[in-house]
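Protein chains in written order, with my numbering: chain A, 722 to 896; chain B, 34 to 174.
Yeah, the Cβ is synthetic: ideal placement off N, Cα and C, and Gly gets one too.
Structure record follows, encoded as structure tokens.
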Amino acid sequence: MLNRKGQVEDAIEVSLALIGMVIGIVILTILSSASGADISKAQINLLNTNDNPYDANFMATDLQNALQLQLTNGQSLGEMLAQVQEAELPYDVEADRGNRICNEELFTELNIYLSPLYKTNWVLYVYPKGTTVVPLFSCNFQDTKTNLNREQSTIIIIPSTDPEKDLEVHLEVYT
Amino acid sequence: MNKKAFVFLYICTVGFIIAIMLFYGSAGKNQPGGKTLYLGETEIHLFELYQQAEQDNYYITLAAQLSADQAAGDFQTSFESTFNKYLAKKSLSVQDFNLQYITKGEKTTVIGKSMQPLHYTQGSASYNLTASFRVTASAKV
């Protein structure tokens with residue numbers, strides 16, 4: 722049994738230890754909050770960034786490689802799409818349909834390349850640069866867009882036969 | 034404990050707390066490498082630069098092919114005139130390219146290589162590309 726002086730010293734030591742623990746907990750909590758806030762800031766920055774995710778960059782590479790595919794007519798897909806012209810007025814929708822939508826042969830050629838990556842859920846559009854109202858050309862599996870949601874898309878600018886007008890080639894993937 | 038021992042304990046406690054605060058407070062500032070980036074940020078920029086450079090190179094190659102296909106009369110003059118219009122959109126001109134013309138029969142092949150590499154930068158990432166192409170047109174010189 723400690724004497725009275727010893728008991729008082731024990732009480733002081735226990736009090737100091739408790740105060741030390743409280744201070745330690747407060748400091749660690751502040752550090753933890755600061756770290757959490759930093760991670761949260763990083764997440765917000767990444768979510769709001771204009772940087773494309775990796776997938777979108779690789780998708781642009783896929784599209785570029787697709788544009789370099791040699792078609793059975795000896796042209797590359799890019800060369801073929803570069804020759805797509807804006808419709809001249811008066812515009813005959815039915816007569817022009819064949820020039821604006823890819824035929825089965827072209828779809829099959831592209832699908833052989835793109836289906837391992839995107840199944841048949843891909844759509845290819847060509848627009849005049851700066852507008853996305855009416856596509857000059859489109860190629861897709863029938864009814865791709867009706868039941869599915871757009872997951873990812875990428876755009877490549879290509880020249881047209883008119884040096885003054887560029888074209889946008891869009892590759893959109895639906896899931 | 035005696036009074037002297039308490040003083041030592043106080044000094045140690047306060048010193049420990051100050052040391053922790055100083056360490057964590059200045060740890061970020063003292064790390065080498067300048068401004069701190071998020072993990073993978075430079076890699077994303079590098080991917081984007083690579084992609085942009087490859088797209089520009091593809092644009093130039095396709096423009097050269099279209100220019101060669103459209104060339105009529107004096108092939109070289111016609112090709113360079115049309116090609117220059119395309120290159121203007123990339124702030125380039127035919128003077129920036131070393132062009133070589135090879136004619137075999139009715140086919141003319143144009144081989145081009147930019148004399149200065151195209152330079153791309155974004156953030157701390159940079160990428161250089163020497164644009165080059167080889168296109169063949171069925172046109173008489």
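Check                                                                                                                 : Outcome
Partner residues on chain B for A:T852, Cβ-Cβ distance less than 7 Å                                                  : Simply none; closest approach about 17 Å.
CB contact check: A:L835 to chain B, cutoff 8 Å                                                                       : no
Three-way DSSP call (helix, strand, coil) for B:V174 in this model                                                    : Note on B:V174: pLDDT 45, under 50, position unreliable in the model; the coordinate value appears next. In the structure shown, B:V174 sits in coil (DSSP, three-state: anything other than H, G, I, E or B).
Strand pairing of B:Y43, partner residues [DSSP]                                                                      : None; B:Y43 has no bridge partner.
Chain B contact for A:Y895 (CB, 8 Å cutoff)                                                                           : no
Beta-ladder partner(s) of A:C699, from DSSP                                                                           : With chain A covering only 722 through 896, there is no way to say anything about residue 699 of chain A.
Near-chain A residues of the region 95 to 117 of chain B (beta-carbon distance less than 9 Å), N- to C-terminal order : L95, A96, Q98, L99, S100, D102, Q103, T115, F116 and N117
Status (buried if at least 16 other CB within 10 Å, exposed otherwise) for B:G48                                      : exposed
Secondary structure of A:A665, DSSP reduced to three states                                                           : Given that chain A is displayed from residue 722 to residue 896, the structure contains no residue 665 of chain A and the question cannot be resolved.
According to DSSP, residues forming a beta bridge with B:A158                                                         : B:Q155
Proximity winner among B:K36, B:V40, B:I53 and B:I93, relative to B:L162 (alpha-carbon distances)                     : B:I93
Proximity of A:V854 and A:L784 at Cβ, strictly below 8 Å                                                              : no
Distance, B:E74 Cα to A:G741 Cα                                                                                       : 41 Å
Contact set for B:T169: own chain, Cβ-Cβ below 6 Å, skip 5 residues either direction                                  : K140 and T142
Beta-carbon proximity list for A:K726, same chain, < 7 Å, skipping 5 on both sides                                    : none
Residues bridged to A:R871 (per DSSP)                                                                                 : A:Y895
Extent of the continuous alpha helix (DSSP H) run through B:K118                                                      : F108 to A121
Members of the region 127 to 144 of chain B near chain A, C-beta cut-off 7 Å                                          : none
CB contact flag (B:I50, A:I746, <8 Å)                                                                                 : no
Straight-line Cα distance separating B:G138 from A:L792                                                               : 25 Å
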